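A short worksheet on the structure shown next.
There are 2 protein chains.
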Amino acid sequence: MTGDKPVTLAEVAAQAGVSIATASKALNGRDQVRASTKDRVLQSARELGFTPNALAKGLLSGRSGTVGLVTHDLEGRFSIPILMGVEDAFGAEKTSVFLTDARGDAIRERYQIEALLGRRVDGIIVVGEQTNNRPSISAGIPVPVVYAYAPSDNPADCSVAFDNVGAGRLSVEHLIACGRSRIAIITGDPTYGAAQERAIGAQRALDEAGLKLVGEPTFGTWTESWGRGATRLLMAQHPEVDAILCGSDLIARGVLDALRERGLEVPGDVAVMGHDNWEVLASGARVPLTSVDMNLEQLGRRAATRLAEAIAGNPHAGVDLIEGRVVTRKSTAPLD
Amino acid sequence: MTGDKPVTLAEVAAQAGVSIATASKALNGRDQVRASTKDRVLQSARELGFTPNALAKGLLSGRSGTVGLVTHDLEGRFSIPILMGVEDAFGAEKTSVFLTDARGDAIRERYQIEALLGRRVDGIIVVGEQTNNRPSISAGIPVPVVYAYAPSDNPADCSVAFDNVGAGRLSVEHLIACGRSRIAIITGDPTYGAAQERAIGAQRALDEAGLKLVGEPTFGTWTESWGRGATRLLMAQHPEVDAILCGSDLIARGVLDALRERGLEVPGDVAVMGHDNWEVLASGARVPLTSVDMNLEQLGRRAATRLAEAIAGNPHAGVDLIEGRVVTRKSTAPLD
DNA sequence: GAAACAACCGAAAAGGTTTTCTTAAACTCT
DNA sequence: AGAGTTTAAGAAAACCTTTTCGGTTGTTTC
Numbered sequence: 024m025t026g027d028k029p030v031t032l033a034e035v036a037a038q039a040g041v042s043i044a045t046a047s048k049a050l051n052g053r054d055q056v057r058a059s060t061k062d063r064v065l066q067s068a069r070e071l072g073f074t075p076n077a078l079a080k081g082l083l084s085g086r087s088g089t090v091g092l093v094t095h096d097l098e099g100r101f102s103i104p105i106l107m108g109v110e111d112a113f114g115a116e117k118t119s120v121f122l123t124d125a126r127g128d129a130i131r132e133r134y135q136i137e138a139l140l141g142r143r144v145d146g147i148i149v150v151g152e153q154t155n156n157r158p159s160i161s162a163g164i165p166v167p168v169v170y171a172y173a174p175s176d177n178p179a180d181c182s183v184a185f186d187n188v189g190a191g192r193l194s195v196e197h198l199i200a201c202g203r204s205r206i207a208i209i210t211g212d213p214t215y216g217a218a219q220e221r222a223i224g225a226q227r228a229l230d231e232a233g234l235k236l237v238g239e240p241t242f243g244t245w246t247e248s249w250g251r252g253a254t255r256l257l258m259a260q261h262p263e264v265d266a267i268l269c270g271s272d273l274i275a276r277g278v279l280d281a282l283r284e285r286g287l288e289v290p291g292d293v294a295v296m297g298h299d300n301w302e303v304l305a306s307g308a309r310v311p312l313t314s315v316d317m318n319l320e321q322l323g324r325r326a327a328t329r330l331a332e333a334i335a336g337n338p339h340a341g342v343d344l345i346e347g348r349v350v351t352r353k354s355t356a357p358l359d
Numbered sequence: 024m025t026g027d028k029p030v031t032l033a034e035v036a037a038q039a040g041v042s043i044a045t046a047s048k049a050l051n052g053r054d055q056v057r058a059s060t061k062d063r064v065l066q067s068a069r070e071l072g073f074t075p076n077a078l079a080k081g082l083l084s085g086r087s088g089t090v091g092l093v094t095h096d097l098e099g100r101f102s103i104p105i106l107m108g109v110e111d112a113f114g115a116e117k118t119s120v121f122l123t124d125a126r127g128d129a130i131r132e133r134y135q136i137e138a139l140l141g142r143r144v145d146g147i148i149v150v151g152e153q154t155n156n157r158p159s160i161s162a163g164i165p166v167p168v169v170y171a172y173a174p175s176d177n178p179a180d181c182s183v184a185f186d187n188v189g190a191g192r193l194s195v196e197h198l199i200a201c202g203r204s205r206i207a208i209i210t211g212d213p214t215y216g217a218a219q220e221r222a223i224g225a226q227r228a229l230d231e232a233g234l235k236l237v238g239e240p241t242f243g244t245w246t247e248s249w250g251r252g253a254t255r256l257l258m259a260q261h262p263e264v265d266a267i268l269c270g271s272d273l274i275a276r277g278v279l280d281a282l283r284e285r286g287l288e289v290p291g292d293v294a295v296m297g298h299d300n301w302e303v304l305a306s307g308a309r310v311p312l313t314s315v316d317m318n319l320e321q322l323g324r325r326a327a328t329r330l331a332e333a334i335a336g337n338p339h340a341g342v343d344l345i346e347g348r349v350v351t352r353k354s355t356a357p358l359d
């Protein structure tokens, strides 16, 4: 099967006994072609297994019907759902997606974008590795660019990001709704905007409810062992805590472990809440873990939609924020 | 930046004061063009920011310089490293990768492959969701197809898969080398070839060493809670066990948990070994977990290489097996 | 019966690049 | 100086599709 050249429109036309022009019209549903002729062409196309050459079409129309997806975190859990959302949204409208992984390297990124432009993509989506701002690359690029997850530092660009402040607020509101009032925060690396912003959102929600955070938010690393260590410290200094808001599900796993070792019940004595809704971790936890889902697939779809709009001539400036959603599991069950 | 049409070769030629043909030759390093002329053309190209139109090139040569990557498990941890390997291998040789996700649906797959063929990809890689055999789709597809992770059921196709039998053997050999002799197996879903084959490989290695497995391999689900439950059962029936070989790192996490609760030391009393080398899980475990890495990135690179060979006219038939590698951590430290 | 009209179809150009073939110019040698 | 040879550059075809516009039927209207 590997040798035969693809069937061309000319061959279809020949078999149907019409001109190339007529065959084209028939296949594209143009009028100006008799029904019987159209059927004959369609029949021939089917028999020969004709697939129109997208290259030729793209060359002619100036639109390739492709987009580039430049990610920086292919191994990470965050870019994958985004990528799924993008693929999903574009797949539906007959646009194909080129995938490249720049691995956090700006030189690589530049090179790959050059390659994508050579392929005449109609637009580009750049997926960052963190939620921190990232430098804009839109200058000098002749097609629309949308930044996903990590927004561009240029407000004139179009970005789609996650609402970390809102997530912090949502989490605290959920804990309060579950009857908790002495809430502490154990989160990850303080250089991550995500960690800072979520803490800020949490603080705001507490303020509005007239509550005070127990201690200060403790920053550390995004690991289980940090979750364990921070919990031991926290419970020693503030045994009154009745809820711990964690910066990630992984941290929350460590927190759960440490609490169990200390003989504390979850959610009876302390409620625990994670972030990311990493399914396998959250529902497999010893006490299934309530967590904030970042709706990353939706984020990807939104980015795709924005790009499609820009390609169609309606660009959008500024940052679109995607809201998280609390996925309730046992670790925050309301007190009786 | 969004309006301007891309620069064409004709414009470069005009600015350099030569014909299109000469410009083309100069840019492609053909001889038959004077050095000074060549310099002039290159200079113009740089000034105008010329990027050759890959669509036109592909249309002419019949080679688009693109390949399609059809995955069935985009959200899964297994396809991502494979995808990275593929992207890596092709990125190096100026081939771009179209990504599509068929999500386990054969209809979707068929449709997406049709779309890829319309884009005149030079080849296709199909990434399966499990290691079980999958139906061949090569018939009627005019470009080479390589099956990654899940091999094709047609031995005439080219597949690249993981050596599960070998992995089972490697694991047991490692445990024996660490001084263990009473080994039990707790693994996942019995409908997964991976689970069965690894058990078989383990059995063989035991046979060769003149040892017997403790009990029968216990199949269940790929979850932590199954790991916990199976461990309780196992230790009740066979307290003599000194090593547990797990079907996945997640199961191993459950096993570790249950052992700790039972007051058993790892690795002092029992060694535990996982599979997948899921970094965050394995090294974050309470006792860092020895695990088998499937070298999936290498698998992806191999698949890409095989596809490149086939495109170049040297197709390869049969299944390439990629070996795993034991990543040693504390959970299997040798006995003193 | 001629003119206007509709319906259907085909010729040709366009899109950007590579390659082959031809031509023009410059050189070498006797 | 003229014939032969090398070198540099250009003209044009080819890749495949879509679209515009002109042409050929056959049909209606006065």
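So the sequence lines, in the order shown, correspond to chains A and B. Take 24 as the starting number for the first sequence in the working numbering and just add one per residue. Take 24 as the starting number for the second sequence in the working numbering and just add one per residue. Note that the Cβ used here is the ideal one computed from N, Cα and C, for glycine as well. Just so it is clear, the structure is predicted and the values come from calculations on it, not from any experiment.
Please list the terminal residues of the continuous alpha helix (DSSP H) segment that includes residue i.
i: residue 107 of chain B; result: 102-114
i: residue 131 of chain B; result: 129-141
i: residue 35 of chain A; result: 32-39
i: residue 348 of chain A; result: First-last for residue 348 of chain A: 348-350, but that is the beta strand (DSSP E), not the alpha helix (DSSP H).
i: residue 199 of chain A; result: 187-200
i: residue 43 of chain B; result: 43-50
i: residue 11 of chain A; result: There is simply no residue 11 of chain A to check, as chain A begins at 24 and stops at 359 in what is shown.
i: residue 248 of chain A; result: 247-260
Report yes if the C-beta distance between residue i and residue j is below 7 Å; otherwise report no.
i: residue 308 of chain A; j: residue 276 of chain A; result: yes
i: residue 186 of chain A; j: residue 344 of chain A; result: yes
i: residue 150 of chain A; j: residue 105 of chain A; result: yes
i: residue 293 of chain B; j: residue 287 of chain B; result: yes
i: residue 323 of chain A; j: residue 108 of chain A; result: yes
i: residue 193 of chain A; j: residue 349 of chain A; result: yes
i: residue 237 of chain A; j: residue 205 of chain A; result: yes
i: residue 195 of chain B; j: residue 222 of chain B; result: no
Does the Cβ of residue i have 16 or more other Cβ atoms within 10 Å, making it buried, or fewer, making it exposed?
i: residue 130 of chain B; result: exposed
i: residue 51 of chain A; result: exposed
i: residue 337 of chain A; result: exposed
i: residue 262 of chain A; result: exposed
i: residue 302 of chain A; result: exposed
i: residue 284 of chain A; result: exposed
Compare the Cα-Cα distances from residue i to each of the options and report the closest residue.
i: residue 353 of chain B; options: B:117, B:109, B:279, B:69; result: B:279
i: residue 18 of chain B; options: B:273, B:241, B:72; result: The structure shown does not extend to residue 18 of chain B, since chain B spans only 24 to 359, so no value can be given for it.
i: residue 85 of chain B; options: B:257, B:64, B:142; result: B:142
i: residue 313 of chain A; options: A:340, A:109, A:357; result: A:357
i: residue 327 of chain A; options: A:231, A:110, A:195; result: A:110
i: residue 207 of chain B; options: B:201, B:239, B:177, B:197; result: B:239
i: residue 270 of chain B; options: B:258, B:81, B:317; result: B:317
i: residue 163 of chain B; options: B:229, B:79, B:136; result: B:136
i: residue 351 of chain A; options: A:315, A:199, A:320; result: A:315
i: residue 118 of chain B; options: B:89, B:37, B:101, B:228; result: B:89
i: residue 173 of chain A; options: A:115, A:190, A:212, A:101; result: A:101
i: residue 233 of chain B; options: B:245, B:199, B:256, B:321; result: B:199
Return the chain-ordered list of same chain residues with a C-beta closer than 7 Å to the C-beta of residue i, the five sequence neighbours on each side being excluded.
i: residue 124 of chain A; result: 94, 97
i: residue 248 of chain A; result: 277
i: residue 158 of chain A; result: 176
i: residue 304 of chain A; result: 272, 273, 276
i: residue 56 of chain A; result: 45, 48, 49
i: residue 226 of chain A; result: 236
Can you list, in chain order, the residues of its chain with a C-beta nearer than 6 Å to that of residue i? Leave out the 5 residues immediately preceding and following it.
i: residue 333 of chain B; result: 167
i: residue 169 of chain B; result: 148, 181, 326, 329, 330
Going by DSSP, what residue range makes up the beta strand (DSSP E) through residue i?
i: residue 296 of chain A; result: 294-298
i: residue 289 of chain B; result: It is not in any beta strand (DSSP E) - residue 289 of chain B carries neither H nor E in the DSSP assignment.
i: residue 316 of chain B; result: 313-316
Using a Cβ-Cβ cutoff of less than 8 Å, which residues in the same chain neighbour residue i once the five nearest sequence positions on both sides are dropped?
i: residue 25 of chain B; result: In this predicted model, residue 25 of chain B has a pLDDT of only 48, less than 50, meaning its place in the structure is not dependable; the value taken from the coordinates is given anyway. Around residue 25 of chain B: no qualifying Cβ.
i: residue 139 of chain A; result: 91, 93, 121, 123, 147
i: residue 62 of chain A; result: none
i: residue 202 of chain A; result: 357, 358
i: residue 65 of chain A; result: 49, 50
i: residue 213 of chain A; result: 219, 242
Shorter than 6 Å, the distance from the beta carbon of residue i to the closest heavy atom of the ligand FAD, or not?
i: residue 175 of chain B; result: Of the ligands one can find in the structure shown there are none, so the ligand FAD has no counterpart to examine.
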